[in-house]
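Undergrad: Top line first, the protein sequences correspond to chains Y and V. Per the UniProt record's numbering, the first sequence starts with residue 1, numbered consecutively. Per the UniProt record's numbering, the second sequence starts with residue 1, numbered consecutively. Glycine residues also receive a C-beta, built at the ideal position from the N, C-alpha and C atoms. Since the model is a prediction, treat every value here as computed from it, not as a measurement.
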Amino acid sequence: MKRLGLLFLAAVVVVAAGVAIFLFKPASLPDVSEAQAKLPTGQALIDRGEYLTRAADCVACHTTAGGKPYAGGLAFKLPFGTIYSPNITADKDTGIGNWSDAEFVRALHQGIDKDGQNLYPAFSYAAYAQMTTEDALAIKAYLFSLPTIKAEAPKNELGFPFNQRYVMRFWNLLFVPSGPLQPDPAQTAEWNRGAYLVEAMAHCGECHTPRNLMFAVDNGKKFAGAELQGWKAYNISSDKKTGIGNWTDQQLFDYLSKGHAEGRGSATGSMGEAVDFSLRHLTPDDIKSIVTYVKSVPPQTSTDNAIVEAEPAALTASTAYAPSADGAAQDGLGLKLFQGACASCHGWNGEGIQTPYAALKGSRTVNDPDGTNLIQVILKGAHMTTPQGRQSMPAFANAYSDVEIAALSNYVLGHFGGKESAITPEDVATARKQ
Amino acid sequence: MIALNINGEDRTVDVPEDMPLLWVLRDVIGLTGTKFGCGIAQCGACTVQLDGRPVRSCVLPVASVGTRSITTIEAVGATPAGKKIQDAWLDLEVIQCGYCQSGQIMSASALLNRNPDPSDRDIDTAMSGNICRCGTYPRIRAAIKQAAKA
Ligand code: FES
Ligand code: FES
Chain Y
1 MKRLGLLFLA
11 AVVVVAAGVA
21 IFLFKPASLP
31 DVSEAQAKLP
41 TGQALIDRGE
51 YLTRAADCVA
61 CHTTAGGKPY
71 AGGLAFKLPF
81 GTIYSPNITA
91 DKDTGIGNWS
101 DAEFVRALHQ
111 GIDKDGQNLY
121 PAFSYAAYAQ
131 MTTEDALAIK
141 AYLFSLPTIK
151 AEAPKNELGF
161 PFNQRYVMRF
171 WNLLFVPSGP
181 LQPDPAQTAE
191 WNRGAYLVEA
201 MAHCGECHTP
211 RNLMFAVDNG
221 KKFAGAELQG
231 WKAYNISSDK
241 KTGIGNWTDQ
251 QLFDYLSKGH
261 AEGRGSATGS
271 MGEAVDFSLR
281 HLTPDDIKSI
291 VTYVKSVPPQ
301 TSTDNAIVEA
311 EPAALTASTA
321 YAPSADGAAQ
331 DGLGLKLFQG
341 ACASCHGWNG
351 EGIQTPYAAL
361 KGSRTVNDPD
371 GTNLIQVILK
381 GAHMTTPQGR
391 QSMPAFANAY
401 SDVEIAALSN
411 YVLGHFGGKE
421 SAITPEDVAT
431 ARKQ
Chain V
1 MIALNINGED
11 RTVDVPEDMP
21 LLWVLRDVIG
31 LTGTKFGCGI
41 AQCGACTVQL
51 DGRPVRSCVL
61 PVASVGTRSI
71 TTIEAVGATP
81 AGKKIQDAWL
91 DLEVIQCGYC
101 QSGQIMSASA
111 LLNRNPDPSD
121 RDIDTAMSGN
131 ICRCGTYPRI
141 RAAIKQAAKA
């Protein structure tokens, strides 16, 4: 008995030692010399880095609203606490000015900072792990070419055990790919380029793929849609009903490159930002590759009810300037608000009077009975940079009460989406806090 | 350089493409009849017509006008609907302080243009986006009806 006990104890010690080594062994640095040798130098490198930095949309997370680009400080409210994006300008004290090439690559590929500490996966290194070392270095070269900004990000507010960074090592073992994305020889060059852009750069799945219990992207439900920070990232799998399976290539191309597609409405919220900061800067060929790849992702039926009604009765009975006589006779608060504050830009038939960007017809946001994104857009407004100047919708958070915004949302969903919805003032109050 | 057709006249303006049409009209061209109210598409004071359709010039980037012809309050009296509206406006003395009235007239004449005999409800629908702090709404409604009969 005693022997057995000792054996057991020994086994526990060995396992514990193994785990401890796994958790606390200093992280090693990758060898980046081969990649360094392959890269162009000077402006050519910086230009390549600029393009890739945009494609990876670093600015979206590493900049606060109205803040200096790449100076960090943006808050991420997660179920376990709040963390803040760091300053990634080359400032030596508060940014990454002292980071070596190898340290930068290690951060992107493994989620480990300069001091060997684990980073949190709010930083989408599980996606960037699939980036080539050359591309990672080009991004660094671009970031280091920008003016440095002194800005200390606020301290993370995380409770135990999530404030123990080494815990992330288990997570990394399970969920982080261990090398750059390998091209699939069975697919075209265009598809492979699209896969690389979507997976390693644009990291679409970080928002559009649901997360599992361990908060990792659940690739068994790839692109099935998810909700985060008060917005829905819609299903973008090729499912015809709940995804983008019925979109034409042209519609996808336009939506990604301009933030608006005829018959599909406009990108707002985080997707609006993704287009504005990132996608609209990509070459048409790259956007086409993304379309090819995204369309090839197998359909995932989601339970989300944001299903577009092609010809809602109230909408088809309207002209740009007036609802049908029956429609107008409803005469509720929502209709009154819409006619006073919204109709002159959006139009009653959803075509968008002021600008095509104001077109609502076919948009999932006005077809989602939950009204999740609709309430957010009404509260926060929307912006998009276009070749014809900046298109904007004002924010109405301070102009209307929760009761008014709830009534307006229900009206819009009924009129533009043919949906029965039951959005309450409490829903609006909750949305305001997000 | 951006080419515009304003009140029947071809003009080119050297402005950033992002500049709101309202600024171009008022500050660059000097057509100050169109008013700045809220600047965020909420009051209607800045309404002008593009190919006869009412738009809010305060949030319309000038580059998005394209080839559409712009009509402002300075020239709307030369269109049949605009003439009728302006006559009725004077006849019924609609105007109080006047600040919102360029926008009201631009919206009302666009309404009459597409709907020669608007009902009360049509008027509500078309005019709700034009706010009047002086509360001239009843006279606006009456004047549109009178113009429709003219
Ligand atoms: S100034 Fe344009 S709508 Fe108020
Ligand atoms: S007349 Fe004064 S604001 Fe309308």
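Looking at chain Y, is there any beta carbon in it that lies within less than 8 Å of the beta carbon of residue 104/V?
TA: no
Undergrad: Below 8 Å CB to CB, which residues in the same chain sit around residue 390/Y once its five sequence neighbours on both sides are set aside?
TA: So the list reads 383, 384, once near-sequence residues are dropped.
Undergrad: Decide yes or no for the touch test of the segment 346 to 357 of chain Y against the segment 241 to 251 of chain Y: beta carbon pairs closer than 8 Å, at least 3 of them.
TA: A contact between stretches requires three or more CB pairs, one per stretch, nearer than 8 Å, and the segment 346 to 357 of chain Y fails this requirement with the segment 241 to 251 of chain Y.
Undergrad: May I ask you to check if the CB of residue 340/Y is nearer than 7 Å to at least one heavy atom of ligand 2?
TA: Ligand 2 never approaches residue 340/Y closely enough for any of its heavy atoms to be under 7 Å from the residue's Cβ.
Undergrad: Name the DSSP bridge partner or partners of residue 389/Y?
TA: Within the DSSP bridge table, the entry for residue 389/Y names 386/Y as partners.
Undergrad: Residues of chain V with CB under 7 Å from residue 392/Y, in chain order?
TA: 59
Undergrad: Taking the beta carbon of residue 61/V as the centre, do at least 16 other beta carbons fall within 10 Å, making it buried, or is it exposed?
TA: Buried, by the Cβ-count rule.
Undergrad: So residue 27/V contacts chain Y; which residues on that side make the cut at Cβ distance below 7 Å?
TA: Chain Y residues near residue 27/V: none, gap ~16 Å exceeds 7 Å.
Undergrad: Taking the alpha-carbon of residue 121/Y as reference, which of 138/Y, 193/Y, 170/Y, 344/Y has the nearest alpha-carbon?
TA: 170/Y
Undergrad: What residues of chain V sit near residue 355/Y, judged by a beta carbon separation below 8 Å?
TA: Simply 60, 64.
Undergrad: Between residue 130/V and residue 96/V, is the Cβ-Cβ spacing less than 8 Å?
TA: no
Undergrad: Would a C-beta distance cut-off of 8 Å place residue 81/Y and residue 153/Y closer than the cut-off?
TA: no
Undergrad: Could you name the residues of the segment 117 to 128 of chain V whose beta carbon sits closer than 8 Å to any beta carbon of chain Y, in the order they occur along the chain?
TA: 121, 122, 124, 125, 126, 128
Undergrad: In three-state DSSP terms, what is residue 260/Y?
TA: strand
Undergrad: Should residue 272/Y and residue 362/Y be called a contact, given that it needs their Cβ atoms to be closer than 8 Å?
TA: no
Undergrad: Just mark residue 115/V as buried or exposed, buried being the case when its beta carbon has 16 or more other beta carbons within 10 Å.
TA: buried
Undergrad: Can you look up residue 67/Y in the DSSP assignment and give me helix, strand or coil?
TA: coil
Undergrad: Work out the CA separation of residue 434/Y and residue 84/Y for me, nearest whole Å.
TA: So the two alpha carbons sit approximately 16 Å from each other.
Undergrad: Quick check on the burial criterion: 16 or more other C-beta atoms within 10 angstroms. Buried or exposed for residue 258/Y?
TA: buried
Undergrad: Just curious, the beta strand (DSSP E) that residue 53/V is in, first and last residue?
TA: 53 to 56
Undergrad: Are the segment 202 to 214 of chain Y and the segment 146 to 164 of chain Y in contact at 8 Å, needing three or more beta carbon pairs?
TA: no
Undergrad: What residue does the alpha helix (DSSP H) around residue 224/Y start on, and which one ends it?
TA: Note, residue 224/Y: premise wrong, no alpha helix (DSSP H); not H, not E.
Undergrad: Helix, strand or coil, according to DSSP, for residue 13/V in the structure here?
TA: strand
Undergrad: Select from the segment 333 to 353 of chain Y all residues with a C-beta closer than 7 Å to any C-beta belonging to chain V, and list them in chain order.
TA: 339, 340, 341, 343, 344, 345, 353
Undergrad: Reducing DSSP to helix, strand and coil, say where residue 29/Y ends up.
TA: coil
Undergrad: Quick one: list the residues of chain Y neighbouring residue 42/V, beta-carbon separation under 8 Å, in chain order.
TA: Under a criterion of Cβ atoms nearer than 8 Å, the residues of chain Y adjacent to residue 42/V are, in order, 341, 394, 399.
Undergrad: Does the beta carbon of residue 54/V sit closer than 8 Å to a beta carbon anywhere in chain Y?
TA: yes
Undergrad: Between the Cα of residue 33/V and the Cα atoms of 99/V, 51/V, 59/V, which residue gives the shortest distance?
TA: Minimum Cα-Cα distance from residue 33/V among the listed residues 99/V, 51/V, 59/V corresponds to 99/V.
Undergrad: Taking residue 18/V as the query, report the chain Y residues whose CB atoms sit under 8 Å from its CB, ordered along the chain.
TA: Neighbours of residue 18/V on chain Y, chain order: 389, 390.
Undergrad: Give me the Cα-Cα distance between residue 54/Y and residue 356/Y, rounded to the nearest whole angstrom.
TA: 25 Å
Undergrad: Look at residue 68/V and residue 50/V and say whether their C-beta atoms are less than 8 Å apart.
TA: Residue 50/V sits close to residue 68/V, with the two beta carbons spaced by under 8 Å.
Undergrad: To which residues does DSSP link residue 77/Y through a beta bridge?
TA: Partner(s): 82/Y.
Undergrad: Taking 7 Å as the line, does the beta carbon of residue 68/V fall inside it for any heavy atom of ligand 1?
TA: no
Undergrad: So, for residue 22/V: in the same chain, excluding its five sequence neighbours on each side, which residues have a beta-carbon less than 7 Å away from its beta-carbon?
TA: Cβ-Cβ distances below 7 Å link residue 22/V to 34, 36, 46, 57, 58 in the same chain, with the five nearest sequence neighbours on each side left out; the list follows chain order.
Undergrad: For residue 481/Y, which residues does DSSP report across the bridge?
TA: A question about residue 481/Y goes unanswered here, because the residues of chain Y that appear run from 1 up to 434.
Undergrad: Between 365/Y, 377/Y, 146/Y, 113/Y, which lies nearest to residue 91/Y when the distance is taken from Cα to Cα?
TA: Of the candidates 365/Y, 377/Y, 146/Y, 113/Y, 146/Y places its Cα closest to the Cα of residue 91/Y.
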